[in-house]
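See below for the structure under consideration.
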């Protein structure tokens with residue numbers, strides 16, 4: 367549940383889109399780190415989404431949690447910097463997705479406190495671009511309905 371101190375803004379809820387179960391969470395209902403396979407950031411800079419182009423096309427930064435990562439947030443910071451040369455602050459966990467038949471979940475964070483370092487292309491991250499939401503959704507190659515829902519919810523979580 368997310369609250370502004372006076373009222374509940376978002377209640378924990380589950381949504382099923384195709385074969386993907388989406389659970390909206392907050393800092394008090396984080397999954398066990400052992401059950402998280404990957405972390406992702408819906409990050410904003412100047413009102414636009416930070417995206418990175420890899421072999422699958424345009425995506426939000428993120429990736430697998432390593433056993434050497436001290437925490438899920440550390441994994442997020444590492445992956446976000448590796449893929450988009452972005453330094454993140456005040457990242458708020460807000461959703462998990464789980465594919466049908468899988469045990470582990472992917473954890474999503476949102477942040478509007480992002481700093482862009484000079485982008486350096488890598489073998490698995492070719493380009494970084496700031497995009498509007500409609501532009502990103504149009505270029506996104508996976509389940510557009512799932513990503514659109516995740517982005518919409520990130521905006522609610524980051525609303526002041």
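Numbering (this note's numbering), first residue to last: 367 to 526. The beta-carbon is built from N, C-alpha and C at its ideal position, and this holds for glycine as well. Note that the coordinates shown come from a computational prediction; the quantities given were computed from them, not determined experimentally.
Collapsed DSSP secondary structure at residue i in the structure displayed
{"i": "residue 440", "result": "helix"}
{"i": "residue 477", "result": "strand"}
{"i": "residue 377", "result": "Note that residue 377 scores 48 on pLDDT, short of 50, meaning its location in the model is unreliable; the coordinates nonetheless yield the value given after this. Three-state DSSP puts residue 377 in coil, outside helix and strand."}
{"i": "residue 372", "result": "Because the pLDDT at residue 372 is just 42, under 50, the model does not fix this residue reliably, and the point stays unresolved."}
{"i": "residue 459", "result": "strand"}
{"i": "residue 452", "result": "strand"}
{"i": "residue 388", "result": "strand"}
{"i": "residue 524", "result": "helix"}
{"i": "residue 512", "result": "helix"}
Presumed contact (8 Å Cβ cut-off) between residue i and residue j, rounded CB distance
{"i": "residue 434", "j": "residue 425", "result": "Contact flag wrong, Cβ pair sits at about 23 Å."}
{"i": "residue 391", "j": "residue 461", "result": "6 Å"}
Classification of residue i by the beta-carbon crowding that lies within 10 angstroms, buried from 16 upward
{"i": "residue 487", "result": "exposed"}
{"i": "residue 484", "result": "exposed"}
{"i": "residue 546", "result": "Any answer about residue 546 is impossible in this case: the structure gives the chain only from 367 up to 526."}
{"i": "residue 511", "result": "exposed"}
{"i": "residue 399", "result": "exposed"}
{"i": "residue 521", "result": "exposed"}
{"i": "residue 489", "result": "exposed"}
{"i": "residue 446", "result": "buried"}
{"i": "residue 491", "result": "buried"}
Beta-carbon gap between residue i and residue j smaller than 8 Å
{"i": "residue 459", "j": "residue 393", "result": "yes"}
{"i": "residue 419", "j": "residue 493", "result": "yes"}
{"i": "residue 454", "j": "residue 413", "result": "no"}
{"i": "residue 386", "j": "residue 473", "result": "no"}
{"i": "residue 315", "j": "residue 456", "result": "What the structure shows of the chain is the stretch from 367 to 526, and residue 315 is not part of that stretch, so it cannot be assessed."}
{"i": "residue 476", "j": "residue 523", "result": "yes"}
Residue(s) in a DSSP beta bridge with residue i
{"i": "residue 493", "result": "419"}
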